[in-house]
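Student:
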Amino acid sequence: MVQAHSRKAARVVAVLIAATCAAAHADVASDQPAAILVFPKVLVDIASPQVAPPAQIDTLIRVTNTNPQNAVYMHCVYIDGTPQCQSDATKSCLSSPFTCPIPGVKCIASCGEEDFDVYLTASQPVAWLASRSAGQCTGDMLPCFPESAVMSLVPPVQEDPFLGELECIEVDAHDTPVNQNDLKGEAEIIRSSPDSVDVESYNAIGFQAIAAPGPGMTTTLTLGPTCSAGSNNQAQPCMGPLDCGANGLCSACPDGVNCSAEYSASPGVLILDHFAEGAVDPVSGFPITTDLTLVPSSRDFTGATPVGTLSLQFLVFNEFEQRLSVNARMSCLHEFKLSDIDGTGSPQNVVRARSPIFGAGTLGTLAAQTRLQAVSDGIHGNALLGIAEEFRLGGGSAAVNLHFSGSRSQSDFIYLPTTP
Amino acid sequence: MGSANGMMWRWSVATLAVLIVHVAAAHAFVTTERSSSIIIFPKVISDSSGLQSFPNPSTDPLVKGIPVDTIIQISNTGNSMVYAHCFYVDATPADPTRPPGLANPVACLETDFDIALTKQQPTHWLVSTGRQPGSLDTTPCSVDCSNSGFEPGLIPRVDDPFTGELKCIETDYTGAPISGNHLKGEATIVTLDGKGDASKYNAIGLLGDPNNNNGDDTLCLGGDASSSCESLDMVSGPEYGACPQTVILNQFAVNATDPVIEELGNGPSQVQTEVTLVPCSEDFAGGAVTPIKVQFFVTNEMESVFSGSTTITCWANLRLDSLGSLSKIFDFGTLRSRFAQTQMSARASGSGAGFVGIVEEFHQTSAATGRAAGNLHNQGDRPGGDTINLPGTF
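Chains as they are written, first to last, in this note's numbering: chain F, 90 to 509; chain W, 121 to 514.
1. Considering only the alpha carbon of each residue, which of W:G361, W:D378 and W:T431 lies closest to W:G500?
2. Does the beta-carbon of W:T433, which I'm using as the reference point, lie nearer than 7 Å to any heavy atom of the ligand ADP?
3. Can you confirm whether W:T151, when its beta carbon is compared against all beta carbons of chain F, has any partner nearer than 8 Å?
4. Based on the DSSP output, what are the partners of F:C196 in its beta bridges?
5. Counting only Cβ pairs nearer than 8 Å, list the residues of chain W close to F:P190.
6. Use the C-beta contact count for W:Q371: other C-beta atoms within 10 angstroms, 16 or more gives buried, fewer gives exposed.
7. I'd like to know whether the C-beta atoms of W:F161 and W:A318 end up nearer to each other than 8 Å.
8. State the Cα-Cα distance for the pair W:E271 and F:S373, rounded to the nearest angstrom.
9. Check whether the Cβ of W:E290 lies closer than 8 Å to any Cβ atom in chain F.
10. Taking 8 Å as the CB-CB cut-off, is F:L231 touching chain W?
11. In this structure, how does DSSP classify F:L491 when only helix, strand and coil are distinguished?
12. Assign F:Q462 to one of two classes, buried (16 or more other C-beta atoms within 10 Å of its C-beta) or exposed (fewer than that).
13. Between which residues of its own chain and F:I503 is the CB-CB distance below 6 Å, once the five residues before and five after are set aside?
14. Let me check understanding here. Comparing Cα to Cα, which of F:S290, F:V358, F:S220 and F:P172 lies closest to F:A510?
15. Do we get a CB-CB distance below 8 Å when we pair W:I158 with the residues of chain F?
16. Can you look up W:G428 in the DSSP assignment and give me helix, strand or coil?
17. Can you tell me where the beta strand (DSSP E) holding F:E254 begins and where it ends?
18. Could you check the C-alpha separation between F:V152 and F:F364 for me, to the nearest Å?
19. Using a threshold of 8 Å, state whether the C-beta atoms of W:C340 and W:C363 are closer than that.
20. Alpha helix (DSSP H) containing W:T516: first to last residue?
21. In the DSSP assignment, what are the bridge partners of F:D284?
22. With distances taken Cα to Cα, identify the nearest neighbour of W:I309 among F:S282, F:E289, F:K273 and F:Q411.
23. Could you name the residues of chain F that W:S388 contacts, counting a contact when the two beta carbons are closer than 8 Å?
24. Have a look at F:P371 and W:P330 and give me their C-alpha separation to the nearest angstrom.
25. Measuring alpha carbon to alpha carbon, tell me which of F:A456, F:C189, F:V166 and F:T391 ends up nearest F:C174.
26. F:P283: which of W:S447, W:S155, W:S262 and W:V380 sits nearest, CA to CA?
27. In the DSSP assignment, the beta strand (DSSP E) including W:I165 goes from what residue to what residue?
28. Taking the alpha carbon of F:S486 as the reference point, which residue from F:L505, F:V384, F:G313 and F:S281 has its own alpha carbon closest?
29. Between F:F375 and chain W, is there a C-beta pair that is closer than 8 Å?
30. Would F:S241 pass as an interface residue toward chain W - the criterion being a Cβ-Cβ separation below 8 Å?
31. Compare the beta carbon distance of W:G273 and F:N407 with 8 Å and say whether it is the shorter of the two.
32. At the 8 Å Cβ level, is W:G361 part of the contact set with chain A, yes or no?
33. Counting only beta-carbon atoms, is F:D287 nearer than 8 Å to chain W?
34. Give the residues from the region 141 to 159 of chain F that approach chain W closer than 7 Å (Cβ to any Cβ), ordered along the chain.
35. Residues of chain W with CB closer than 7 Å to the CB of F:Q555, please, in chain order.
36. Given a cut-off of 8 Å, decide if W:P511 and W:A405 are closer than it, judged by their beta-carbon atoms.
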């Protein structure tokens, strides 16, 4: 009897410990090594500069294995969010929707993917240019991989100009996601012309692995622990056992079938502190604008599900504690100036937005705090990730990571293709 | 038997309580993207003459840096009024025309002030001017919006030049520290170079433990409970998250070229890196400064490791090409690779040796310079913990 109670007590403690520990690292972070890295904005504009002519633009990707003992592999995917004229898929409308040959035609992204593998030795930092392929070093002084990482081969991005996202997932030698958090990354978007240089830098956003993959679980990555089968909130995300009721277990892999290595939950709300659009910078005297790049946490790299449309909600607070709101929509990637939501139309895929709430004339203060989220579709949490960039009219810019608040109340998923 | 069962359950509950405390402590790490109870801006510069800003201090007194100023943004992410007590730490050298060093020590003087933010309120100020009540603060603007909005309080201006840090600690309306985790912040370093080039980074936050803050003038950051970190709560322990055990930097080797500028044929180019480090422990009450020995482990792309160390006091802006013999381990000639990973940690394992920081890169050609700042990565918690001593009211 005593032994039975002892075992029961031990089991309860073990379950609670497991659940508590699982919840303990449920934060997405850009300042901690992680298992999945997301670079929301990769920009290339070299051949015929559209974004900031005459400057050409390329993005330097830097990834480091922080593990001093072991080599790691990562599987990476470029997602092409370059806006193109719907009437002519070969014509980019990255700079403006009005560059399309037929007036009024939609500017949409292909959302196509391109994947590759990279091998990093212990503690190794590597880098590559988004516009170029990178393989073993040949002495031409472009970023490359030394002999020790000869298995790495990075392709160039799909097109020029290119606006897209990069995701890298830590895997083993067989491309199976692993329960390790060894990767950190940075991206630098560099604009260069003979008489100017402008650099902006942001950290890759990291999802922490929180559980080992189960047997045969290699193709569906669940972002956020969920309640086990038979519990009150089956398959719903949870932060601890109380969320799942008396018979439930808050686990990283509740059904043991449709999950692989499991990861921290996506952020609930993104928070952007920014300057009012068009307000004058008190230091340089130049007007300031802010670009926001958003990508969804959920991704289907199998191509089985058409890229859907997300509804975005924005709440804006000025320095007088006044609150305004607006909404918009996006697909696989959304890069826009806050002032474009003011009503000048969208350079890409904002479908609805005519409310000048981000302008200095409306806000009436220099600083503002904007909280934003996407609406869940009932299957995916539809959490967002993103970065912000500040531009001053004189040509200077700076990028910064967004803040997060809470965790998404529904899981997001990354679906990987199976190896034939 | 009943007694045995009860003991087992009590043991289980006790174990769980300990583990929950442990997990809570482990969870309370340093963050740059979650609202926190202590926010740290490691690099704040106001320098209208370019005496201390990049590329100065130079050995050539005729070479001047680029004039810069810093805009501070702080927001209340909560739905109640929030108060904070802020401290500037002035680390300008005694002779601002020369680099700081043994013969030109930094001041390490603190200036403090209070701010108050209504629910969800963002605020801003320019460090060279501060923010004085009674101006046009309550008048909405249309273009020139500097200082518009509810007054956050009297914010003093800094001296010119000023190099140093800003720390803000969330308090209640009486000024007692609380673990509300409502503050977030950003700093934008803007150059007066004719194009408004800017570097921006997120303030570094230390999460407070809402159940374990006794509101006294000694703030315990991580570590175990000690006499100086006694808590009123039954489960005593740290009041705030621990500072990181290791701070990780991924940088260009000193004298390495920028591959984008070179690829586009706009070279020759060069990338220089400044790492700004500040201690987590502060004695704002007594003004004592404890030096920290920082150890560097640099790994190049071929997995070769180099190491070195230096000492920081209240603030250090380490330009990797100007560290004397230590610069060798960061140099392209030594590393033989363009990129490197540097892991930084305090050599001392005891308390009071934690630090945090940010990085700023300068990409140069003969015609222009572009700058970009970034937050460093953090790994692990310092077991020894750190302490911030606040000045009392008298």
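Heads up, the beta-carbon is just placed ideally off N, CA and C, and yes, glycines get one too.
Being a predicted model, the structure only gives us computed values, none of them experimental.
Tutor: In brief:
1. If you number the second sequence from 1, residue 500 of chain W lands on position 380. Comparing Cα-Cα distances from W:G500 to each of W:G361, W:D378 and W:T431, the minimum goes to W:G361.
2. In the structure shown, the ligand ADP is absent, as is every other ligand, since no ligand is present at all.
3. Translated into the one-based positions of the second sequence, residue 151 of chain W becomes position 31. Yes, because at least one Cβ of chain F sits closer than 8 Å to the Cβ of W:T151.
4. As a working note, residue 196 of chain F is residue 107 in the first sequence. Answer is F:C174, bridged to F:C196.
5. The sequence position of residue 190 of chain F within the first sequence is 101, counting from 1. Chain W residues near F:P190: none, gap ~29 Å exceeds 8 Å.
6. Reading the second sequence from its first residue, position 251 is the one you call residue 371 of chain W. The residue in question, W:Q371, is buried, as its Cβ has 16 or more Cβ neighbours within 10 Å.
7. Here the question's residue 161 of chain W lines up with position 41 in the second sequence. Here the question's residue 318 of chain W lines up with position 198 in the second sequence. W:A318 sits away from W:F161, with the two beta carbons spaced by 8 Å or more.
8. Mapped onto the second sequence, residue 271 of chain W falls at position 151. Mapped onto the first sequence, residue 373 of chain F falls at position 284. For W:E271 and F:S373, the distance between alpha carbons rounds to 23 Å.
9. Counting from 1 along the second sequence, the entry for residue 290 of chain W is found at position 170. Interface flag for W:E290 against chain F is unset, since no Cβ pair is found closer than 8 Å.
10. By one-based count along the first sequence, residue 231 of chain F stands at place 142. By this cut-off, F:L231 is an interface position.
11. Start at 1 with the first residue of the first sequence, and residue 491 of chain F comes out as number 402. Reduced to three states, the DSSP call for F:L491 is coil.
12. On the first sequence, residue 462 of chain F is found 373 positions in, with the first residue counted as 1. By the neighbour-count rule (16 or more Cβ atoms within 10 Å), F:Q462 is buried.
13. Counting from one through the first sequence, the residue named residue 503 of chain F turns up at place 414. So the list reads L310 and R388, once near-sequence residues are dropped.
14. Summary: the structure shown does not reach residue 510 of chain F, with chain F confined to residues 90 through 509, and so no result is reported for it.
15. Along the second sequence, read from residue 1 onward, the residue named residue 158 of chain W stands at position 38. Cβ-Cβ to chain F under 8 Å: no for W:I158.
16. Mapped onto the second sequence, residue 428 of chain W falls at position 308. Residue state, collapsed to three classes: strand.
17. Stepping through the first sequence from its first residue, residue 254 of chain F is reached at position 165. Start and end: F251 to V260.
18. Reading the first sequence from its first residue, position 63 is the one you call residue 152 of chain F. Reading the first sequence from its first residue, position 275 is the one you call residue 364 of chain F. Straight-line Cα distance between these residues: approximately 31 Å.
19. Here residue 340 of chain W refers to the residue found at position 220 of the second sequence. Here residue 363 of chain W refers to the residue found at position 243 of the second sequence. It is not a contact, given that the beta carbons lie outside the stated cut-off.
20. Outside the shown range of chain W, which is 121 to 514, sits residue 516 of chain W, and nothing can be said about it.
21. Within the first sequence, the letter at position 195 stands for residue 284 of chain F. According to DSSP, which records beta bridges pairwise, F:D284 is partnered with nothing at all.
22. Position 189 of the second sequence, counted from the first residue, corresponds to residue 309 of chain W. Considering only F:S282, F:E289, F:K273 and F:Q411, the residue with the shortest C-alpha distance to W:I309 is F:E289.
23. What you label residue 388 of chain W is simply residue 268 of the second sequence in a count that begins at 1. The sequence shown places Pro at residue 388 of chain W, not Ser. At a C-beta separation below 8 Å, W:P388 has no neighbours in chain F, since its nearest C-beta there lies roughly 11 Å away.
24. Residue mapping note: residue 371 of chain F aligns to position 282 of the first sequence, counting from 1. Residue mapping note: residue 330 of chain W aligns to position 210 of the second sequence, counting from 1. Approximately 37 Å, taken between the alpha carbons.
25. Taking the first residue of the first sequence as position 1, residue 174 of chain F is located at position 85. When only C-alpha atoms are compared, the closest one is F:C189.
26. Here residue 283 of chain F refers to the residue found at position 194 of the first sequence. Of W:S447, W:S155, W:S262 and W:V380, the smallest CA-CA separation from F:P283 is found for W:V380.
27. Residue numbering aside, residue 165 of chain W sits at position 45 when the second sequence is read from its first letter. For W:I165, the enclosing beta strand (DSSP E) starts and ends at I158 to S166.
28. Translated into the one-based positions of the first sequence, residue 486 of chain F becomes position 397. In this structure, F:S281 is the residue among F:L505, F:V384, F:G313 and F:S281 with its C-alpha nearest to the C-alpha of F:S486.
29. Here residue 375 of chain F corresponds to residue number 286 of the first sequence, with the count starting at 1. Yes - at least one Cβ of chain W is within 8 Å of the one on F:F375.
30. Within the first sequence, residue 241 of chain F is the residue found at index 152, counting from 1. Cβ-Cβ to chain W under 8 Å: no for F:S241.
31. Counted from its first residue, the second sequence places residue 273 of chain W at position 153. Counted from its first residue, the first sequence places residue 407 of chain F at position 318. The answer is no: Cβ separation not under 8 Å.
32. The displayed structure is made up of protein chains F and W, and chain A is not among them.
33. For the purposes of this step, residue 287 of chain F is taken as residue 198 along the first sequence, with counting starting at 1. Judged by the 8 Å Cβ criterion, F:D287 is in contact with chain W.
34. Close to chain W, meaning a Cβ-Cβ distance shorter than 7 Å, are the following residues of the region 141 to 159 of chain F: Q145, D147, L149, R151, T153 and T155.
35. Only positions 90 to 509 of chain F appear in this structure, which leaves residue 555 of chain F out of reach.
36. The count along the second sequence starts at 1 and reaches residue 405 of chain W at position 285. The count along the second sequence starts at 1 and reaches residue 511 of chain W at position 391. Yes. Within cutoff.
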